[in-house]
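Colleague: Protein chains in written order, with the UniProt record's numbering: chain A, 1 to 265; chain B, 1 to 265. Note that beta-carbon positions come from the ideal geometry of N, C-alpha and C, so glycine has one too. First, the structure itself, so that you have it in front of you.
Number of protein chains: 2
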Amino acid sequence: MLTVTSVNVNGLRAAAKKGYLEWLSGCAADVVCLQEVRAEEAQLTEEVRRPAGWHARYAPAAARGRAGVAVLTRREPDAVRVGFGAPEFEDAGRYLEVDLPGTTVASLYLPSGEVGTPRQDEKERFMEAFLPYLVKLRAAAAGGGREALICGDWNIAHREADLKNWRANRGNSGFLPEERAWLSRVLGEEGGYTDVVRALHPDQDGPYTWWSYRGRAFDNDTGWRIDYQMATPGLAERCLKAEVERAASHAERWSDHAPVTVVFD
Amino acid sequence: MLTVTSVNVNGLRAAAKKGYLEWLSGCAADVVCLQEVRAEEAQLTEEVRRPAGWHARYAPAAARGRAGVAVLTRREPDAVRVGFGAPEFEDAGRYLEVDLPGTTVASLYLPSGEVGTPRQDEKERFMEAFLPYLVKLRAAAAGGGREALICGDWNIAHREADLKNWRANRGNSGFLPEERAWLSRVLGEEGGYTDVVRALHPDQDGPYTWWSYRGRAFDNDTGWRIDYQMATPGLAERCLKAEVERAASHAERWSDHAPVTVVFD
DNA sequence: CGTACCACG
DNA sequence: CGTGATACG
Chain A
1 MLTVTSVNVN GLRAAAKKGY LEWLSGCAAD VVCLQEVRAE EAQLTEEVRR
51 PAGWHARYAP AAARGRAGVA VLTRREPDAV RVGFGAPEFE DAGRYLEVDL
101 PGTTVASLYL PSGEVGTPRQ DEKERFMEAF LPYLVKLRAA AAGGGREALI
151 CGDWNIAHRE ADLKNWRANR GNSGFLPEER AWLSRVLGEE GGYTDVVRAL
201 HPDQDGPYTW WSYRGRAFDN DTGWRIDYQM ATPGLAERCL KAEVERAASH
251 AERWSDHAPV TVVFD
Chain B
1 MLTVTSVNVN GLRAAAKKGY LEWLSGCAAD VVCLQEVRAE EAQLTEEVRR
51 PAGWHARYAP AAARGRAGVA VLTRREPDAV RVGFGAPEFE DAGRYLEVDL
101 PGTTVASLYL PSGEVGTPRQ DEKERFMEAF LPYLVKLRAA AAGGGREALI
151 CGDWNIAHRE ADLKNWRANR GNSGFLPEER AWLSRVLGEE GGYTDVVRAL
201 HPDQDGPYTW WSYRGRAFDN DTGWRIDYQM ATPGLAERCL KAEVERAASH
251 AERWSDHAPV TVVFD
């Protein structure tokens, strides 16, 4: 059994002030992947940096206060790797991988973009460099009799069911045809990964994992499903349960994203 | 009778959220001089911009969110002037003058400095340009049978009694020998102004008008007296009462400065 | 709208 | 330590 949770915390220091640690203490997962930590380890309190009972590995961004991913594991990982080989994104705080027995788990924070800005170009460069890595990772895992799970904020909604207002967002970053096509490659023959939440919930809208802080997006459930756990075939087959932990109320929210939890047999 | 209050609000928008308007509604003054407004009029709510019963004139800084002085008057001023003729400080949001019958009242925010930095040089340039203006203002007022009152944050403690830790601050901006000597010139033969709070309270420490937000400065009354009302001789003679309105508790504070109120006959 | 940074005080 | 600017999301 392996239970993995992934959540974009939108600033770990802010999240810790609003209930992240209480949430973590009730979290039964074996592995927790965090994105948008937005802090270096030295800026975190000891309790937040290494919660009791967890091993914690961080990959902060070179730019202070930006991005940053982490992985918490109940047992010490066998190996830890930062980045995926693309020089531009080596110190971007966007990819961290840990090896556990039989399985490699990664925390990913794919850049968010905005059409017509350099940030969209950066997002596309990331996507272009990352897909070959995913292919290589899957092959390497298969060759070594291992599985891989890429958790995180992919900043792309794949299909119309993956966001509330898909019509209005056809021209917006996060739901562009080329972004959706790229995710289809990750999930198709080329990548061979499975979106395990969608695999277990094929016929519903959402479940959304992100709601803008602007307006009443959360209250109206005007959300996007952009946080995924993408599993190699052998691992995907073992998926028993997959769910998104939407906060009960706006007041209980400690991030604009919700945790995504998957239980593997 | 003329009652004048002066206070550095340290951001009028923040002050308004913490009790400034409640304080103002209990304020019996005829004129209120504000410093560090840190906003343009358009950024203020109508209620804050023009409180009921007041006329309000603003002199914002060209740099957004910096400095900014204002004067509130119960009756419409006869004239309003921004700046004191020094080109460098014309749009600095540091000086605003209003004419009321028989009296000119000014709101001043003298630059704060830091030894060894360009900001200290700026402070000194301001002082150098401002003293001749004060001399000219006094002469012009006298020639026209008027009085003048310069209220505000002068960012200099004059004597040892004007700050709690004078020994430790001998080398710090705000209590440098040259700054103190400059204030002595304002208050001596050259300027001819009277520090009316000190005139009415000659033998006490303080009363302080500013306490740093750092540490427990307010609770320990580790303050500085840097906010003054400086009056021309005829007006100084009419001073009946002068006091500093220290907030009762840290929780009641809506600025790091306290209002200075003077009643003239 | 919220979390960070920074400059200023 | 707090205000407000800015970048990012």
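Flag this pair as touching only if the stretch 134-151 of chain B and the stretch 221-230 of chain B have three or more C-beta atom pairs under 8 Å; answer yes or no.
Modeller: Yes: the two stretches touch, three or more of their Cβ pairs being nearer than 8 Å.
Colleague: Taking the Cβ atom as the reference point for each residue, do Asp30(A) and Leu2(A) lie within a distance shorter than 8 Å?
Modeller: Within the first sequence, residue 30(A) is the residue found at index 30, counting from 1. Within the first sequence, residue 2(A) is the residue found at index 2, counting from 1. It is a contact, given that the beta carbons lie within the stated cut-off.
Colleague: Which two residues bound the contiguous alpha helix (DSSP H) that contains Ser173(A)?
Modeller: To locate residue 173(A), count along the first sequence from 1; it is residue 173. Segment: none, Ser173(A) is in no alpha helix (DSSP H) and carries neither H nor E.
Colleague: What is the DSSP secondary structure of Asp205(B), reduced to helix, strand or coil?
Modeller: Taking the first residue of the second sequence as 1, we reach residue 205(B) at position 205. Correct three-state label for Asp205(B): coil.
Colleague: Is the Cβ-Cβ distance between Leu34(A) and Thr103(A) less than 8 Å?
Modeller: Looking up residue 34(A) in the first sequence gives position 34. Looking up residue 103(A) in the first sequence gives position 103. No, these two residues do not count as a Cβ contact at 8 Å.
Colleague: Hey, out of Arg159(A), Tyr193(A), Asp219(A), Tyr95(A), whose CA is closest to Pro60(A)'s CA?
Modeller: Here residue 60(A) refers to the residue found at position 60 of the first sequence. Comparing Cα-Cα distances from Pro60(A) to each of Arg159(A), Tyr193(A), Asp219(A), Tyr95(A), the minimum goes to Tyr95(A).
Colleague: Using CA atoms only, rank isn't needed, just tell me which of Ala42(A), Val32(A), Ala28(A) is closest to Cys151(A).
Modeller: For this step, residue 151(A) is matched to residue 151 along the first sequence. Checking every option, the nearest Cα to that of Cys151(A) belongs to Val32(A).
Colleague: For Leu163(B), which beta-bridge partners are listed by DSSP?
Modeller: Within the second sequence, numbered from 1, the residue matching residue 163(B) stands at position 163. Note: Leu163(B) sits in a beta bridge opposite Trp224(B).
Colleague: For Tyr213(A), does the three-state DSSP call read helix, strand or coil?
Modeller: Taking the first residue of the first sequence as position 1, residue 213(A) is located at position 213. Three-state DSSP puts Tyr213(A) in coil, outside helix and strand.
Colleague: Measure the alpha-carbon distance for Glu40(B) versus Asp203(B) and round it to whole angstroms.
Modeller: Start at 1 with the first residue of the second sequence, and residue 40(B) comes out as number 40. Start at 1 with the first residue of the second sequence, and residue 203(B) comes out as number 203. Roughly 40 Å separates the two Cα atoms.
Colleague: Any idea what DSSP makes of Glu243(A), helix, strand or coil?
Modeller: As a working note, residue 243(A) is residue 243 in the first sequence. In this structure, Glu243(A) counts as strand in the three-state DSSP scheme.
Colleague: Sort out for me which residues DSSP pairs Val105(A) with in a bridge.
Modeller: Here the question's residue 105(A) lines up with position 105 in the first sequence. Per DSSP, Val98(A), Leu149(A).
Colleague: Is the stretch 80-93 of chain B in contact with the stretch 56-71 of chain B, if contact means three or more CB pairs nearer than 8 Å?
Modeller: With the cut-off at 8 Å, the stretch 80-93 of chain B and the stretch 56-71 of chain B touch.
Colleague: Are the beta-carbon atoms belonging to Thr222(A) and Asn165(A) less than 8 Å from one another?
Modeller: For the purposes of this step, residue 222(A) is taken as the residue at position 222 of the first sequence. For the purposes of this step, residue 165(A) is taken as the residue at position 165 of the first sequence. Yes, they are a contact pair.
Colleague: Thinking C-alpha only, which one of Glu114(A), Asp265(A), Glu122(A) is nearest Glu147(A)?
Modeller: Mapped onto the first sequence, residue 147(A) falls at position 147. It is Asp265(A) whose Cα lies nearest to the Cα of Glu147(A).
Colleague: For Ser249(A), which beta-bridge partners are listed by DSSP?
Modeller: Translated into positions along the first sequence, residue 249(A) becomes position 249. DSSP, once it has assigned bridges, lists no residue as partnering Ser249(A).
Colleague: According to DSSP, is Val7(A) part of a helix, a strand, or is it coil?
Modeller: The residue you call residue 7(A) lines up with position 7 of the first sequence. DSSP places Val7(A) in strand when its eight states are reduced to three.
Colleague: Take Arg138(B) and list the residues in its own chain whose beta-carbon comes closer than 6 Å to its own, dropping the five residues that flank it on each side.
Modeller: Stepping through the second sequence from its first residue, residue 138(B) is reached at position 138. For Arg138(B), where only same-chain residues beyond five positions count, the Cβ hits under 6 Å are Gly192, Thr232.
Colleague: State the CB to CB distance for the pair Leu183(B) and Asp153(B), rounded to an integer number of angstroms; the pair is presumed to be in contact (CB under 8 Å).
Modeller: Looking up residue 183(B) in the second sequence gives position 183. Looking up residue 153(B) in the second sequence gives position 153. Rounded, the Cβ-Cβ distance is 13 Å, inconsistent with contact.
Colleague: Can you look up Phe264(A) in the DSSP assignment and give me helix, strand or coil?
Modeller: Here residue 264(A) refers to the residue found at position 264 of the first sequence. Correct three-state label for Phe264(A): strand.
Colleague: Which class does Val37(A) belong to by DSSP, given the choice of helix, strand or coil?
Modeller: In the first sequence, residue 37(A) corresponds to position 37, counting from 1. Val37(A) falls in the coil class under three-state DSSP.
Colleague: Tell me, which residues are paired with Met1(A) by DSSP?
Modeller: Within the first sequence, the letter at position 1 stands for residue 1(A). Partner(s): none; Met1(A) has no beta bridge.
Colleague: Start and end of the alpha helix (DSSP H) containing Ala16(A)?
Modeller: Within the first sequence, residue 16(A) is the residue found at index 16, counting from 1. 12-18 is the span of the alpha helix (DSSP H), which, as asked, contains Ala16(A).
Colleague: Are the CB atoms of Leu155(A) and Ser107(A) nearer to each other than 8 Å?
Modeller: Sequence index remark: in the first sequence, residue 155(A) carries index 155 (1-based). Sequence index remark: in the first sequence, residue 107(A) carries index 107 (1-based). First, the residue type needs correcting, since residue 155(A) is Asn and not Leu in the sequence shown. Not closer than 8 Å, so no.
Colleague: Exposed or buried, what is Thr5(A) when buried is set at 16 or more other beta-carbons lying within 10 Å of its beta-carbon?
Modeller: Counting from one through the first sequence, the residue named residue 5(A) turns up at place 5. Classification for Thr5(A): buried.
Colleague: Is it true that the CB of Val244(B) sits closer than 8 Å to the CB of Thr194(B)?
Modeller: In the second sequence, counting from the first residue as 1, residue 194(B) sits at position 194. In the second sequence, counting from the first residue as 1, residue 244(B) sits at position 244. The answer is no: Cβ separation not under 8 Å.
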